[in-house]
Amino acid sequence: MEAVSQINRESNAASFERKLHSFKGLGIYTRVVNGIKIHAIISGWFKIKNTHYNSDLGPYFVLFDPTWTEWLPIFCWVIEHPEGTIVIDTGETTLANSPLYLSHTGFNGWFNKQITRFNVIERSEVGTQLNSLGIQAENVRWVVLTHLHIDHTGGLKYFPKSEIIVSHQEFVKPYYAVEQTHPAWFRPHLVDYFDDAGSTFEDGFVLTKANDVIIVPTPGHTFGHQSVIFMTPDINLFFGGDACFSFDQLPSSTVRGINADSNASRKTLMKIHEFCKQSPTIYLPGHDQKSVNRFFGTPLDFNEIKPGFASGEGE
Ligand SMILES: [Zn+2]
Ligand SMILES: [Zn+2]
Numbered sequence: 501m502e503a504v505s506q507i508n509r510e511s512n513a514a515s516f517e518r519k520l521h522s523f524k525g526l527g528i529y530t531r532v533v534n535g536i537k538i539h540a541i542i543s544g545w546f547k548i549k550n551t552h553y554n555s556d557l558g559p560y561f562v563l564f565d566p567t568w569t570e571w572l573p574i575f576c577w578v579i580e581h582p583e584g585t586i587v588i589d590t591g592e593t594t595l596a597n598s599p600l601y602l603s604h605t606g607f608n609g610w611f612n613k614q615i616t617r618f619n620v621i622e623r624s625e626v627g628t629q630l631n632s633l634g635i636q637a638e639n640v641r642w643v644v645l646t647h648l649h650i651d652h653t654g655g656l657k658y659f660p661k662s663e664i665i666v667s668h669q670e671f672v673k674p675y676y677a678v679e680q681t682h683p684a685w686f687r688p689h690l691v692d693y694f695d696d697a698g699s700t701f702e703d704g705f706v707l708t709k710a711n712d713v714i715i716v717p718t719p720g721h722t723f724g725h726q727s728v729i730f731m732t733p734d735i736n737l738f739f740g741g742d743a744c745f746s747f748d749q750l751p752s753s754t755v756r757g758i759n760a761d762s763n764a765s766r767k768t769l770m771k772i773h774e775f776c777k778q779s780p781t782i783y784l785p786g787h788d789q790k791s792v793n794r795f796f797g798t799p800l801d802f803n804e805i806k807p808g809f810a811s812g813e814g815e
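Add 500 to the 1-based position in the sequence shown for this note's numbering, that's all there is to it.
What follows is the structure in structure tokens.
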């Protein structure tokens, strides 16, 4: 394998490679929905504090919690849309493995360093994985960032030619983002939500002329967090970023994690759940180990949708 020599350069990465294999985690998963290829890419893994993952106690408790979660996947998503390829979030890069990562980036960088442990290898970075799909990063038309946390922006370096889409609110009022990690050329297209989303979200930003890819505001985790919905007549795929860690938070609107606004988070979870109840939807959190299974499932598998809806099988 041509990637072996790169991996051996760093023993940390090499042991991680073994871990990935044992976890069957590094990879690309592809599903065709309504004739359009969708890819789930695991662009690396990270750990966060257990208090972060399981509670809504806030930054102070997270900082002083000595215990860590298992490795959590960092998902990026790719829609090979006829109007242009869309990448949703860009993951992290191998830079994040270094002890010096985020040095001299002020309080936010220091805080992020304290509460995360990354394991990313070159072969898992989003640009490398796109290559293996035969997609050149420079040919990606849109990159939609759900928000500006480092585990979503680390792969931006691959997309200097793409239109990067960030919520206006996220850009002017980021929450624990580390802007020093952004490429010098980073001038995203800032969106507000003036289009009719035709759903419980009411307002959104319609990305495609086909009206099948819609960006909706899902604030709470950060002030300007947004999500992407790929809509088809049979099934929707809802790329939820960090609106929640796992699908099971939706029915009870249970807020977990460090949130810019917990009340907004709760309302967002209610809206997403309502949306999932109204039309067959597969909800895909950005760091849920079950996201791959969900990706290949049908909404009916998750007991969230009333019988009677179309099963929504792709292909
Ligand atoms: Zn986040
Ligand atoms: Zn994240």
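All C-beta atoms in this analysis are idealised placements derived from N, C-alpha and C, irrespective of residue type, glycine included. No experiment lies behind these values; they were computed from the predicted model shown.
Query	Result
Taking C-alpha atoms, which residue in 538, 675, 680, 567 lies nearest to residue 585?	538
So, for residue 521: in the same chain, excluding its five sequence neighbours on each side, which residues have a beta-carbon less than 6 Å away from its beta-carbon?	The predicted position of residue 521 is uncertain, since its pLDDT is 39 and thus under 50; a value taken from the coordinates is nonetheless stated next. Taken in chain order, the list of residues that qualify is empty.
For ligand 2, which residues count as neighbours when the test is a C-beta closer than 6 Å to any heavy atom?	649, 651, 652, 742, 786, 787
Specify whether the segment 708 to 728 and the segment 548 to 558 touch according to this definition: at least 3 beta carbon pairs, one from each stretch, less than 8 Å apart.	no
When the Cα of residue 527 is compared with those of 631, 569, 555, which residue comes out closest?	631
Compare the beta carbon distance of residue 769 and residue 750 with 9 Å and say whether it is the shorter of the two.	yes
Can you give the beta carbon distance from residue 743 to residue 772, rounded, assuming they're within the 8 Å contact cut?	6 Å
So is the beta-carbon of residue 722 under 8 Å away from any non-hydrogen atom of ligand 1?	yes
Evaluate contact between the segment 668 to 680 and the segment 617 to 636, counting only Cβ atoms and requiring at least three cross-stretch pairs below 8 Å.	no
Does the beta carbon of residue 647 fall short of 8 Å from some heavy atom of ligand 1?	yes
Which value, in whole angstroms, describes the spacing of the CA atoms of residue 667 and residue 739?	15 Å
Do residue 535 and residue 592 count as a contact pair if the criterion is CB distance below 9 Å?	no
What is the DSSP secondary structure of residue 827, counted as helix, strand or coil?	Not covered by the structure: residue 827. The range shown for the chain is 501 to 815.
Please state the DSSP three-state secondary structure of residue 726.	strand
Considering only their Cβ atoms, is the gap separating residue 787 from residue 573 smaller than 9 Å?	yes
According to the Cβ coordinates, are residue 766 and residue 782 closer than 9 Å?	no
Go ahead and pull the three-state DSSP assignment for residue 673.	coil
For residue 739, which beta-bridge partners are listed by DSSP?	728, 784
Which residues share a DSSP beta bridge with residue 530?	539
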